[in-house]
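For reference, the structure discussed in these notes is given below.
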Amino acid sequence: MSTYTAEQIIRIGGKEWRKGDRHRVYINRHVLQRLLGLEIQYYHTGNIRHAELRGQHISNSEARRILGSEIFWEDGELHILTASHWHRQDIIDAINAAIAATEPQQGGDASDATEHGPVEQAAAPQQTATAEMAISRLVSLRQAGRTAREIAAMIGCAVSTVYRWLRGQHRPSARYAAIITAITA
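If you read the sequence shown in my numbering, its first letter stands for residue -2, the second for the next number, and so on.
Here it is as C-alpha cells:
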C-alpha cells in the first residue's frame, strides 16, 4: 500500500479531524462519488433510484455499499473499511489519480490546487463537456416553451431531476446527456 500525506488527501477533498494525539483525514461520500465517477439519483425517501459507476449501471445495493465505505488517512496510510473487496482497488486507483492530478508540476506551484480545482478539471473533460451541452440543450428546450414535465417524459427521468439539472445542483450522467442532446425541438 502506498504512503500518503495528510496534505495530499486534503487537496483532493478530504476533511481533517484531530482529537488529542489522533489525526485523521476523512474522505466523505460526496468526494468519493466525485473521485469514482459514481452518479446516483434518489427517491424522495432517500433510497437510491438509479446508480451508475463511470457510465455503467450498477445495482442500488452496490451503490449503497460503496457509499457506506469509511475511508480515512492516518499515520501515512489510507484505511478503507467496509468497502466491497472488488471496489477497494477502484477507490485506491481513483485516489491515486486525483492526487497525481493535484500534484504541483516541477517548477510550478500548487496554489490553484484546491478542493474542487484540478480534480474537477482532470476528472473527465469529455463527460463534462457532454453534460454542459446537455444542460444548454435543456435551457433551449425550456426557452422554446417545453415544460419540465414534457422534457422529463422525453428523457425518461423525474421532473425534479430536470429542475436539479437546470439549477446546476446536479449534472446529467453520460446516458442522460446522450438522450438530451439527441432531442430535437
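Backbone N, C-alpha and C fix where the C-beta goes; we use that ideal spot for every residue, glycine too.
This structure is a prediction, so every number in the text was calculated from the model and none was measured.
For residue j and residue i, believed in contact at Cβ under 8 Å, the rounded distance
i, j, result
"Arg134", "Thr178", "6 Å"
"Ser(-1)", "Asn93", "7 Å"
"Thr99", "Ile9", "6 Å"
Contacts around residue i, its chain only, beta-carbon distance under 8 Å, and the 5 residues preceding and following it disregarded
i, result
"Val159", "Leu135, Ala145, Ile148, Ala149, Ile152"
"Ala60", "Leu35, Ile37, Ile45, Ala48, Leu50"
"Leu163", "Ile132, Leu135, Val136, Arg139, Ala145"
Neighbourhood of residue i by C-beta, 6 Å cutoff - its chain only, sequence neighbours within 5 removed
i, result
"Gly34", "Arg51"
"Ile24", "Gly11, Ile68"
"Leu32", "Ala91, Ala95"
Identified DSSP bridge partners for residue i
i, result
"His76", "Phe69"
Proximal residues to residue i (C-beta, below 7 Å), its chain only, five neighbours per side dropped
i, result
"Ile7", "Glu13, Val22"
"Gly65", "Thr79"
Given 8 Å, three or more beta-carbon pairs between the stretch 14 to 22 and the stretch 66 to 74: Judged by Cβ distances under 8 Å, the stretch 14 to 22 makes contact with the stretch 66 to 74, as three or more pairs qualify.
Stretch pair the stretch 41 to 53 + the stretch 165 to 177: three plus CB contacts closer than 8 Å: Yes, the stretch 41 to 53 touches the stretch 165 to 177.
Every unbroken beta strand (DSSP E) within the stretch 14 to 67, with a cutoff of 3 residues, ordered by chain: Here the runs fully enclosed are 19 to 24, 35 to 39, 45 to 50, 53 to 55.
Whole alpha helix (DSSP H) elements within the stretch 128 to 175, 4-residue minimum: Within the stretch 128 to 175, complete alpha helix (DSSP H) segments of at least 4 residues are found at 145 to 152, 156 to 164, given in chain order.
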